[in-house]
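Colleague: Count along the sequence shown from 1, then add 10; that gives the number in my numbering.
Ideal Cβ placement from N, Cα and C applies to all residues, glycine included.
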Amino acid sequence: PPMQNPPKVDIHPERIDDDILPAHRVDLADVISSSDPRIDVKASIIGRYSEDPFFKLIIDVPTSYKNFEYRGGLVYVKDKERRALCIPDVKIGDRRAREIIISQAHSILAHLGPRKTIVYLRDNVWWK
Numbered sequence: 011p012p013m014q015n016p017p018k019v020d021i022h023p024e025r026i027d028d029d030i031l032p033a034h035r036v037d038l039a040d041v042i043s044s045s046d047p048r049i050d051v052k053a054s055i056i057g058r059y060s061e062d063p064f065f066k067l068i069i070d071v072p073t074s075y076k077n078f079e080y081r082g083g084l085v086y087v088k089d090k091e092r093r094a095l096c097i098p099d100v101k102i103g104d105r106r107a108r109e110i111i112i113s114q115a116h117s118i119l120a121h122l123g124p125r126k127t128i129v130y131l132r133d134n135v136w137w138k
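1. Who are the near neighbours of Val-100 in its chain, counting only those whose CB is closer than 7 Å to its CB and skipping five residues on each side?
2. Measuring only the C-alpha atoms, how far is Phe-64 from Ala-120?
3. Which residue comes first and which comes last in the alpha helix (DSSP H) that contains Val-100?
4. Between Ala-39 and the rest of its own chain, which residues show a CB-CB distance below 7 Å, the 5 nearest in sequence each way excluded?
5. Would a C-beta distance cut-off of 8 Å place Val-71 and Phe-78 closer than the cut-off?
6. Can you tell me whether Pro-98 is buried or exposed, with buried defined as 16 or more other CB within 10 angstroms of its CB?
7. Between Ile-110 and Ile-49, how many whole angstroms is the CB-CB distance? I'm expecting something under 8 Å.
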């Protein structure tokens, strides 16, 4: 559900206001699950990476893909600054997992616009 009293923010399309995003790292998949208990992103994608041709390569030979980490049935992409949950191209119920994540991120950010949603997504999840 949308926030009852979303913060009043002066949004300028030419820049991204980092101050409206959480100062501390918040795991998007956990936020989605807490905002809608019917959607458990991590539980829904665990063990399903082999259904996505790109991620199947990574889980088949994880040592060949140094930028990826396969742990606990989940794949993460990592670099010096971050580690993001990889989202395979699979369905959760009748919707694509990526569609659910984009929609939920937009709702969580109280409809602050596409640029803010993209920044939030880029910091938390990854797919090819």
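Modeller: Answer, in terms of the structure:
1. Ile-55, Arg-58, Glu-61, Asp-62 and Ala-107
2. 32 Å
3. Unbroken run through Val-100: none, as it is neither H nor E.
4. Val-51, Lys-52 and Leu-95
5. no
6. buried
7. 6 Å
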